[in-house]
Amino acid sequence: MMMHPIVQHALEQRPDLLQIYANVRDCGRLADQIGDVPAEVFRGLDVAALNRNGMAIGGSAQAIRKVADLCVVNEVYGHADPALAISLPGGSLTLAVVDFASRAQKERILAFFDTDRPVWGAFAVTEPASGTDATRMNTVATKTSGGYLLNGEKCFIGNAGRSAYVIVFATVDPRRGQFGIRPFFVPVPTPGLVIDDQERMLGLRAVRASRITLRDCFVADEDLIGAGTQLDPARSFAYAQASWNSMRPCLGSLIVGATQRVLDDLADGADGYDPTQCAGVKATLDMYAGRLYSARLLCRRAAALIDAGQASLVASSIAKTYASDCARACIEHVMNLPSIATHPAFDDFVRWRRDFHAFNIMEGTGDIHRLMIAREKNRQRTTLVPLGNGNGDAVHTLQEIRIPSPA
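With our numbering, letter number 168 in the sequence shown gets 168, and the count goes up by one each step, no holes.
Spelled out as structure tokens, the structure:
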């Protein structure tokens with residue numbers, strides 16, 4: 001079994017990851033076949049620690065580890081099996097709201113995971129009619145005595161069918177755009193909350209993306225995330241965006257690990273190829289080794305910016321988008337190699353080809369991230385320039401300034 005030195009080093013430095021790596025790697029094919037997380041994946045594991053995903057629980061709730069550390073963990077998980085890694089128990093994106101939840105809310109959410117049975121949380125933002133613009137939200141939260149009534153639909157919500165609770169984003173005033181959006185904590189089951197877990201995806205089958213319907217679903221005032229804190233509720237969506245931005249380098253690292261697994265398995269199984277076929281494999285390994293190293297560095301750089309408290313939105317978008325593009329290009333190239341169907345890992349390549357194309361729509365589609373990157377670059381190239389108005393007066397107008405690339 002071939003393993004890249006970076007992954008091997010991570011496992012040597014973190015022996016607690018060895019068992020989960022082995023279990024996820026062994027159960028990847030079965031998870032794809034049954035479209036679920038096999039019970040075998042938890043064999044010999046500290047499930048409570050797996051639930052916490054790096055969080056400390058007890059007394060007061062504490063934040064997750066540094067993003068740079070989580071990038072290393074996610075690269076190891078992705079190398080084992082990307083679909084099953086995403087399906088592992090824990091709070092996932094719901095932990096993004098922990099940063100601006102009240103102390104009581106933090107302890108209530110994190111207490112779900114302090115158990116020896118697997119527990120999932122689901123994060124419900126995406127809606128059928130809003131496309132990639134999450135601020136065009138149709139799920140409405142109507143104020144009523146003692147709380148809110150939620151009405152609307154969510155779609156493509158990962159792990160919702162197995163979740164213990166859902167963080168649902170809904171608007172209290174559609175006219176206010178993102179400033180009317182609020183996150184709500186909804187335990188499962190709750191009257192009025194229906195989770196349809198029957199849809200199956202072409203790729204990442206173990207994730208089980210679900211549709212959620214809310215019909216007069218009552219949520220108490222104290223379950224409005226951030227209630228009882230000094231944070232501005234109108235900034236809830238902005239707080240959440242800033243928090244879940246830290247998840248993108250982690251996802252990028254998981255994608256990097258999965259792509260590295262493709263290259264490792266490709267090299268490991270090419271011993272029986274003739275010289276011509278071996279030349280094609282070697283060219284592929286050489287071509288994508290550099291690209292993958294660049295993707296890894298982009299993820300680590302974005303993580304370092306986040307851990308340092310610096311602006312990281314564009315860096316995170318670049319890291320996730322580049323890693324996703326690299327993964328899809330790599331697996332397509334591998335699948336078009338001569339005689340690849342005779343490779344011992346061919347069946348894995350087939351399912352990873354399905355899985356890798358789903359990366360483009362996770363954590364924001366690739367096109368949305370490219371738009372964000374372009375807007376930021378355009379903002380950096382734009383300044384106020386005094387122009388004459390014909391009457392001798394100076395008029396300050398926005399003009400685009402093209403900054404030459406360094407030689």
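C-beta: ideal position from N, C-alpha, C; glycine also. Predicted model, so just to flag it, every value in this text is computed and none were measured.
Limits of the unbroken alpha helix (DSSP H) element including residue i
i      : result
Gly438 : This structure leaves residue 438 out entirely; the chain is present only between 1 and 407.
Asp26  : 18 to 34
Gln49  : For clarity, residue 49 is Ala in the given sequence; the question names Gln instead. Ala49 -> alpha helix (DSSP H) spans 47 to 52.
Tyr165 : Not the alpha helix (DSSP H): Tyr165 falls in the beta strand (DSSP E), residues 163 to 171.
Ile306 : 275 to 307
Val7   : 5 to 13
Arg351 : 346 to 358
Ala323 : 313 to 335
His79  : 67 to 80
Spatial neighbours of residue i in its chain, beta-carbon cut-off 6 Å, leaving aside the 5 residues before and after
i      : result
Gly177 : Thr135
Arg248 : Ser316, Lys320, Glu363
Ala303 : Val67, Ala68, Cys71, Pro249
Arg354 : Leu202, Gly203
Arg14  : none
Leu297 : none
Ile306 : Val67, Ser246, Ser312
Met1   : none
Val98  : Lys106
Ile195 : Ala160, Gly161, Ser210, Ile212
Ala258 : Gly78, Pro82
Asp16  : none
Ala22  : none
Among the options, nearest to residue i - alpha-carbon criterion
i      : options                        : result
Ala323 : Gly269, Gly192, Glu75          : Glu75
Ser339 : Ile195, Leu110, Asp114, Ala270 : Ala270
Ala295 : Ala327, Ser312, Gln277         : Ala327
Lys408 : Glu222, Asn378, Val281         : Since the first residue of the chain shown is 1 and the last is 407, residue 408 is not available in this structure.
Leu204 : Arg300, Tyr21, Arg29, Ala220   : Arg29
Gly161 : Val188, Leu93, Gly152, Tyr148  : Val188
Gly35  : Asp274, Ala220, Asp197, Arg235 : Asp197
Ala170 : Val186, Ala164, Asn159, Ser163 : Val186
Leu412 : Arg351, Ala238, Asp286         : Residue 412 is absent from the structure shown; the chain starts at 1 and stops at 407.
Leu214 : Ile306, Thr190, Val24, Ala129  : Thr190
Ile109 : Glu127, Gly90, Thr126, Val125  : Gly90
Gly158 : Phe112, Val168, Gly152, Ala141 : Val168
Asp81  : Val119, Val125, Ser253         : Ser253
Asp232 : Pro183, Val207, Ala279, Ile195 : Pro183
Val172 : Asn138, His9, Val125           : Asn138
Val281 : Ile331, Ile181, Val24          : Ile331
Arg422 : Arg25, Gln33, Ile20            : Shown here, the chain extends from 1 to 407; a query on residue 422 therefore has no answer.
Glu127 : Ala85, Pro118, Ile212, Asn53   : Ile212
Trp352 : Leu93, Leu266, Asp367, Ala308  : Leu266
Val119 : Asp367, Val41, Val47           : Val47
Ala358 : Ala234, Ala129, Asp325         : Asp325
Gly272 : Pro344, Asp367, Cys27          : Pro344
Cβ-Cβ distance between residue i and residue j below 9 Å
i      : j      : result
Ala39  : Ala83  : no
Ala227 : Ser102 : yes
Gln310 : Val7   : no
Gly192 : Ser163 : no
Tyr288 : Ala329 : yes
Leu50  : Leu95  : no
Ala209 : Cys155 : yes
Phe123 : Val166 : yes
Phe179 : Val262 : no
Asn151 : Ser92  : no
Val140 : Pro174 : yes
Nonlocal neighbours in the same chain, by C-beta distance under 7 Å from residue i, ignoring five residues either side
i      : result
Leu18  : Leu11
Met3   : Asp264
His369 : Ser317, Lys320, Thr321
Ala220 : Gly146, Gly147
Arg200 : Gly35
Met335 : Phe349, Arg353
Own chain, CB closer than 8 Å to residue i, minus 5 neighbours either side, in chain order
i      : result
Gln277 : Ala270, Leu337, Pro338, Ser339
Phe346 : Ile340
Ser236 : Phe100, Ile181, Arg182, Pro183, Ile225, Gly226
His333 : Thr284, Met287, Tyr288
Ser130 : Arg136, Met137, Asn138
Span of the beta strand (DSSP E), counted from its first residue to its last, around residue i
i      : result
Thr144 : 140 to 144
C-beta neighbour in chain D for residue i, strict 9 Å
i      : result
Ile340 : The structure shown has no chain D; it contains just one protein chain.
**Asked** Going along the chain, which unbroken runs of the alpha helix (DSSP H) with 4 or more residues stay wholly within the segment 103 to 137?
**Response** 103 to 111
**4 or more residues per run - each alpha helix (DSSP H) lying fully within the segment 171 to 254** = 236 to 244
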